[in-house]
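Asks: Residue numbers (UniProt numbering): 1 to 184.
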Amino acid sequence: MAVFWAAILDRINGVSKSLQKKTIELRTAVDLLKSLLDFLISQRELFDDYETKANEKTDTQYSDENQRVRKRKRHHDDGPAKEVVLRGKEKLKVDTYLPVLDMLCTELSRCLEAYREINDLFRFLTDFLTKSDAEIRQACTKFKEYYFEDIEPEFIDEMVQYKYFILQLEDAGKKLCLPKSLTN
């Protein structure tokens with residue numbers, strides 16, 4: 001498990017450090033979290049690889065391989081199915097490895113969904129130069145509905161005009177201090 005945790009925590013740490021940078025854009029944060037989730041999902045199939053790497057480092061065996069199988073007393077309503085007893089490698093995989101990955105994926109998915117929601121709400125502020133007036137109006141309307149107490153009715157028209165103001169500055173060759181995504 002130490003080999004597994006080293007790989008997982010290394011990736012989580014890398015993404016966490018990137019997310020803490022002051023200059024990170026929300027879109028990049030969403031992409032990083034999605035890539036981390038995809039990485040974690042891909043780890044489900046790599047249990048055997050981690051076990052092989054761990055066995056190269058140490059010569060240990062699973063402690064329950066040499067123990068007798070404990071039989072549970074069966075009741076009349078248990079049915080004809082045989083009791084499944086997992087041992088060693090399969091027990092570690094089913095009882096520990098997969099639940100850990102599932103929990104990490106579940107929590108990361110929840111976090112990713114929150115980032116996506118905020119990104120969807122604020123995205124128009126960074127890519128409005130590439131959008132049509134109708135798309136800007138639609139995004140501003142959604143934004144205004146979400147922040148209905150804080151946004152004035154004129155906000156939608158102001159954003160459309162702001163797009164043309166920025167385009168005019170670009171045509172004149174003037175620089176305005178804008179986020180990177182607006183100038184690329």
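Glycine included, each C-beta is placed from N, C-alpha and C at the ideal position.
Quick check on this structure: which residue in Cys-111, Leu-36, Thr-58 and Tyr-162 has the alpha carbon closest to the alpha carbon of Ile-136?
Replies: Here residue 136 refers to the residue found at position 136 when the sequence shown is read from its first residue. Ranking Cys-111, Leu-36, Thr-58 and Tyr-162 by Cα distance to Ile-136 puts Tyr-162 first.
Asks: How is Asp-150 classed by DSSP in three states: helix, strand or coil?
Replies: The sequence position of residue 150 within the sequence shown is 150, counting from 1. Coil at Asp-150, not helix or strand.
Asks: Got a sec? Which residues, its chain only, sit under 8 Å from Cys-105 by beta carbon, not counting five neighbours each side?
Replies: Here residue 105 corresponds to residue number 105 of the sequence shown, with the count starting at 1. Hits under 8 Å: Leu-37, Leu-40 and Ile-41.
Asks: Tell me the rounded alpha-carbon separation between Thr-141 and Arg-123.
Replies: Indexing the sequence shown from 1 puts residue 141 at position 141. Indexing the sequence shown from 1 puts residue 123 at position 123. Rounded to whole angstroms, Thr-141 to Arg-123 spans 13 Å at the Cα level.
Asks: Distance cutoff 9 Å, beta carbons only. Does Glu-117 sit that close to anything in chain C?
Replies: Absent from the structure is chain C; it holds one protein chain and no more.
Asks: Please confirm if the segment 86-102 is in contact with the segment 110-118, defined as three or more CB-CB distances below 8 Å between the two stretches.
Replies: Result no; under three Cβ-Cβ pairs closer than 8 Å.
Asks: Check whether the Cβ atoms of Leu-98 and Arg-44 lie closer than 9 Å to each other.
Replies: On the sequence shown, residue 98 is found 98 positions in, with the first residue counted as 1. On the sequence shown, residue 44 is found 44 positions in, with the first residue counted as 1. Yes, these two residues count as a Cβ contact at 9 Å.
Asks: Is it true that the CB of Leu-9 sits closer than 9 Å to the CB of Thr-126?
Replies: Against the sequence shown, residue 126 aligns to sequence position 126. Against the sequence shown, residue 9 aligns to sequence position 9. Contact flag unset, no.
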